[in-house]
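Residue numbers (our numbering): 1 to 131.
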């Protein structure tokens, strides 16, 4: 059974919002409670966030039932692609279009989300046909 496009996109957005809150909470806790530096705390927060995002999106947003490990590898690739699109968008807006950097960061979320969703739906969690 495949979940409709609108339903999977809505679920993907919900997971993203929850994941953002969780990731920031982990980052802040690592800094405040464990005394970690920004880079280590950020890596931990994003690591936890990516793991939770994979599990929730695989099971809830896309109802994926194929092999986990290949999907995880594809998921990490999709994340890197979406992040590269985000970073390129932000840098072009700041350096070429002279957009305020805070606004550029906020705008960069849109292509990141769309690319990550499309890659997740079409490549990462798409049902695989038997060979």
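Positions of the beta carbon are idealized from the N, C-alpha and C atoms, including for glycine.
In whole angstroms, what separates the C-alpha of residue 38 from that of residue 50?
Taking the straight line joining both Cα atoms gives about 18 Å.
In the DSSP assignment, find the alpha helix (DSSP H) that holds residue 73 and state where it starts and stops.
Where residue 73 is concerned, the enclosing alpha helix (DSSP H) stretches over 68-95.
Taking buried to mean at least 16 other C-beta atoms within 10 Å of its own C-beta, is residue 120 buried or exposed?
By the neighbour-count rule (16 or more Cβ atoms within 10 Å), residue 120 is buried.
For the alpha helix (DSSP H) that residue 127 lies in, which residues bound it at each end?
No alpha helix (DSSP H) contains residue 127, which DSSP labels as neither H nor E.
Which residues bound the alpha helix (DSSP H) around residue 11?
First-last of the alpha helix (DSSP H) with residue 11: 5-32.
Tell me where the alpha helix (DSSP H) around residue 55 begins and ends.
Taken as a continuous stretch (DSSP letters only), the alpha helix (DSSP H) holding residue 55 covers 38-56.
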